[in-house]
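Note sheet for the following structure.
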Amino acid sequence: MKVKQLSVFIENTNGRLAQVTRVMGNAGVNMRAATIADTADFGILRIICEKPQEALLALKEAGFTARVTEVIGVKLKDEPGGLADIMELFEKNGVNIEYCYSTLMSDQGQAVVIFRVEDIDRGLKILGENGVDAIASFG
Amino acid sequence: MIWNRDAECEAVEQRRLLQGYQLKKQVTHLYEKVPFYRKKMDDLGVTPGDINSIEDIGKLPFTTKDELRETYPYGLLACPEEDLVEIHTSSGTTGTPVLGGYTRADLDMWGEVMARCIGMCGGTPSDVVQNAYGYGMFTGGLGVHHGAQKMGCNTIPAASGNTKRQLMLMRDFKSTILTCTPSYALYMAEEAKEMGIDFRDLHLKAGVFGAEPWSDNMRKEIEEKLNLQAYDIYGLTEIIGPGVSNECEAHHGLHVNEDHFYPEIINPETGEVLPEGEKGELVFTSLTRQGTPIIRYRTRDITYLWHDKCSCGRTLVKMHRLLGRTDDMLILRGVNVFPSQIENVLMQIEETQPHYQIVIDRDRSQLDEVELQVEVEEAFFSDETKELERIRAKIAQAMKQELQINVNIKLVEPKSIERSMGKAKRVIDKRNL
Chain A
3 MKVKQLSVFI ENTNGRLAQV TRVMGNAGVN MRAATIADTA DFGILRIICE
53 KPQEALLALK EAGFTARVTE VIGVKLKDEP GGLADIMELF EKNGVNIEYC
103 YSTLMSDQGQ AVVIFRVEDI DRGLKILGEN GVDAIASFG
Chain B
47 MIWNRDAECE AVEQRRLLQG YQLKKQVTHL YEKVPFYRKK MDDLGVTPGD
97 INSIEDIGKL PFTTKDELRE TYPYGLLACP EEDLVEIHTS SGTTGTPVLG
147 GYTRADLDMW GEVMARCIGM CGGTPSDVVQ NAYGYGMFTG GLGVHHGAQK
197 MGCNTIPAAS GNTKRQLMLM RDFKSTILTC TPSYALYMAE EAKEMGIDFR
247 DLHLKAGVFG AEPWSDNMRK EIEEKLNLQA YDIYGLTEII GPGVSNECEA
297 HHGLHVNEDH FYPEIINPET GEVLPEGEKG ELVFTSLTRQ GTPIIRYRTR
347 DITYLWHDKC SCGRTLVKMH RLLGRTDDML ILRGVNVFPS QIENVLMQIE
397 ETQPHYQIVI DRDRSQLDEV ELQVEVEEAF FSDETKELER IRAKIAQAMK
447 QELQINVNIK LVEPKSIERS MGKAKRVIDK RNL
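These protein sequence lines are chains A and B, in that order.
Take 3 as the starting number for the first sequence in the numbering used here and just add one per residue.
Take 47 as the starting number for the second sequence in the numbering used here and just add one per residue.
So, in C-alpha cells, the structure goes:
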C-alpha cells in the first residue's frame, strides 16, 4: 500500500515554514510527520498528514507550490537492526532509495520509516514478497 | 607621451576644417557606394553637395544598431570585400551580430588611435604592455594589440583569464602597462594576495581599463591595490573598438580622437543636437574609416562633451565617463546583456515561466555577480531536490551559452516575483557605478 505525501516548495525566506504550517492548521489538517530537504536557496518540506488532498488545496489557495506524491511507509520491528533489515532487502533487490525519513505512529509509539524509492511498485512488491507490510495510512 | 602631437594638439578651428573636409569626402563616397546610405539621404532630401563643413553634419540621417543588424553581414560595407584584412563582431548580443570590417588603412588608423590612448596613459615605446583583454571576435584584445605594436611596445598577448599565469608574466617580463577590464584588475589583486605577490614588487605604472562601467571608488581601489595609475578607455565595435577616447594624466574626462570619430550629443527623444556641456546621447560619425564607416551612429550611451585647456596640452574634445544608457542594456563583466535575451532563454525552458528578476551586485573582488531569480513552473515542482537542481543547472547552462557569463540561478516560488501593470522591474542593480 502506498502512503500519500505532501511536498511543498519553500523559498529560503523568513517565516515561510510558519506560514505553511499555519495554513495546514487552519484547514484542520493533522500532521503526522514532516521533514525538510534543504539546499542553499530553497527547501522542500515533505509532510505526511491526514487529508492530504484537502491540505494541498488549502496550500495552493494560499499561493504555495505543492503536490501530493506517493511513498512507502514501513513499520519497523523495535529492535537493533530493524532498519538495516529493510535497507538490505532494498539493496539486494536493486531498489534505489531517493530519500527516507522516520516517524512515529502516534497511538502505538511504533517507528515508521518513509521511503521514496525510484520504482515504488517494485519496492512494494519486494516488501510483500518478503513478508514486510507497508502501511496504507497513519492511524 | 603625446603620440601624434600634430593631430592631438592641433588648433580647434584648424581641426574643424579638416573634419569638414573628411566628412564631405566620406559622405560623397558612401552616397555613391552604399545603397543603404543613398536611400537614407534621399529620404531626407540631402545630397553630398549639402555637406560643406562639419556644421552640416546635423543634416545627415542617424544610423541605429537595429539597422546595423538588418544589414549584416556586408550591407554597410563601403569597400570591395577583398580589401578587408580583418573583421570583428560585437559581443554578447542576441541573434544577429554587428560587423566591424577593417581594411589595411583601417587597421593602421586603429593602431594609431590606440597608440595615442596608450600615450595618454603615459606609455612610450619602451613600455611592456600586458594585454589581458579577450582576443578573438571581441575588439578589445586585438585593438589594444594593434596600438601597442604601433607604438613599438613589447606586447604580451596574455588575453583574459588564467590569472596565475598573468601574474607570473607580469613579474617575469616586468610589464609596465596592464590593459583589461577594471573588475578583472581587482580580481588579479585578490589572486596576487593569495599567491603572496606584492604589486609594489612589480613594475606596473599604468592600467588601461575599459569595456565596462566603473566608479571613482573602484579606481581608487585599483590604484591602491595594483600600485599604478588607472585610466579609463572607451570604444565600441561599431565605430572601431578600443581607441575612440581615453583619459590623459589629468584624469579629467576622456579625450576623443575626434579627427577620426566625430562626436555629437543629441536629445535621444527628438534627435536634436545639444550644445556643448549638455547631457544626452552620444553619436559618432566615422570620418576616415574605409571598411564599415557609419554616419551618426546612435551609441545609446549617455554623456556630455566639452573643450577645455587641458594640462596635458591636447586640444581634443573631452567626454565625461559614461553616465548611463538610453536603453535597458546592462554591462555584466564586460559583456553587453539585454534583459530581452534572458527572457528569450527562459521562454525556451519549459520548466520555468519567463517571470524573472536580475539582481546585480559586486562580490568581494569587485566582480559583477549576477543572480537570476526564476519562478518554478508549478507542473514541474518535484518532491526531490535533485530534480529542482537539474532544472537550475539547465537554466544556468542555457544562460551561459546565450550571455557568455556565469549567472547564479535562484529558483523562487511561482507568482512570488512582483507582477507590474506597466514595465516590469526586471533589474535590480546594486552596483555603485
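Each residue gets a CB set at the ideal place from its N, CA and C atoms; glycine is no exception.
By the three-class DSSP mapping on this structure, what secondary structure does residue i have?
i	result
residue 422 of chain B	strand
residue 254 of chain B	strand
residue 49 of chain B	coil
residue 193 of chain B	helix
residue 224 of chain B	strand
residue 76 of chain B	helix
residue 104 of chain A	strand
residue 350 of chain B	coil
residue 403 of chain B	strand
residue 97 of chain B	coil
residue 187 of chain B	helix
residue 480 of chain B	Residue 480 of chain B falls outside the range modelled here, since chain B spans only 47 to 479, and no answer is possible.
residue 121 of chain A	coil
residue 9 of chain A	strand
residue 162 of chain B	helix
residue 58 of chain B	helix
residue 412 of chain B	coil
residue 263 of chain B	helix
residue 201 of chain B	strand
residue 89 of chain B	helix
Which same chain residues, not among the five before or five after residue i, have their C-beta less than 6 Å away from its C-beta?
i	result
residue 257 of chain B	186, 227 and 380
residue 405 of chain B	417 and 474
residue 107 of chain B	86 and 90
residue 245 of chain B	272 and 273
residue 237 of chain B	209
residue 3 of chain A	136 and 138
residue 249 of chain B	220 and 222
residue 169 of chain B	223
Using the Cβ count rule (16 or more neighbours within 10 Å means buried), how would you classify residue i?
i	result
residue 58 of chain B	exposed
residue 117 of chain B	buried
residue 352 of chain B	exposed
residue 414 of chain B	buried
residue 136 of chain B	buried
residue 120 of chain B	exposed
residue 206 of chain B	buried
residue 198 of chain B	exposed
residue 17 of chain A	exposed
residue 20 of chain A	exposed
residue 138 of chain B	In this prediction, residue 138 of chain B has a pLDDT of 48, which is less than 50 and means its spatial position is unreliable; what the coordinates show is noted afterwards. With 16 or more other Cβ atoms within 10 Å, it is buried.
residue 130 of chain B	buried
residue 297 of chain B	exposed
residue 229 of chain B	buried
residue 386 of chain B	exposed
residue 98 of chain A	exposed
residue 253 of chain B	buried
residue 216 of chain B	buried
residue 109 of chain B	buried
residue 113 of chain B	buried
residue 104 of chain A	exposed
residue 231 of chain B	buried
residue 27 of chain A	exposed
residue 42 of chain A	exposed
Apart from the five residues just before and just after residue i, which ones in its own chain have a Cβ nearer than 8 Å to its Cβ?
i	result
residue 293 of chain B	166, 167, 277, 278, 279, 299, 300 and 301
residue 361 of chain B	54, 55, 56, 57, 58, 61 and 353
Closer than 7 Å by C-beta to residue i: which residues in its own chain qualify, once you throw out the five before and the five after it? Chain order, please.
i	result
residue 104 of chain B	319
residue 323 of chain B	350 and 352
residue 181 of chain B	187, 188, 203 and 205
residue 79 of chain B	124
residue 213 of chain B	234, 237, 238, 241 and 243
residue 96 of chain B	102 and 105
residue 29 of chain A	56, 57 and 60
Which chain E residues are close to residue i, counting only those with a beta carbon under 9 Å from its beta carbon?
i	result
residue 431 of chain B	The chain labelled as chain E is not found among the protein chains of the depicted structure, namely A and B.
- What alpha helix (DSSP H) runs, 4 residues minimum, are completely inside the segment 22-87 of chain A? 54-63
- Three-pair Cβ contact test at 8 Å for the segment 145-152 of chain B versus the segment 243-263 of chain B: no
- Item | Touch test, the segment 47-57 of chain B against the segment 309-322 of chain B, Cβ-Cβ under 8 Å, three pairs minimum | no
- Message: Does the contact criterion of 3 or more C-beta pairs under 8 Å hold for the segment 60-77 of chain A versus the segment 9-22 of chain A?
- Response: yes
- Item | Uninterrupted alpha helix (DSSP H) stretches inside the segment 286-323 of chain B (no shorter than 4 residues) | none
- Query: Using 8 Å as the threshold, is the segment 18-37 of chain A in touch with the segment 45-52 of chain A, meaning 3 or more CB pairs across them?
  - Reply: yes
- May I ask you to verify whether the segment 331-347 of chain B touches the segment 70-83 of chain B, counting CB pairs closer than 8 Å and requiring at least 3? yes
- Message: Under 8 Å: do the segment 114-128 of chain A and the segment 90-106 of chain A share three or more Cβ pairs, one atom per stretch?
- Response: yes
- Is the segment 420-431 of chain B touching the segment 390-397 of chain B in the sense that three or more CB pairs, one from each, lie closer than 8 Å? yes
- Minimum length 3: unbroken beta strand (DSSP E) runs contained in the segment 321-399 of chain B: 326-332, 343-349, 376-378 and 381-383
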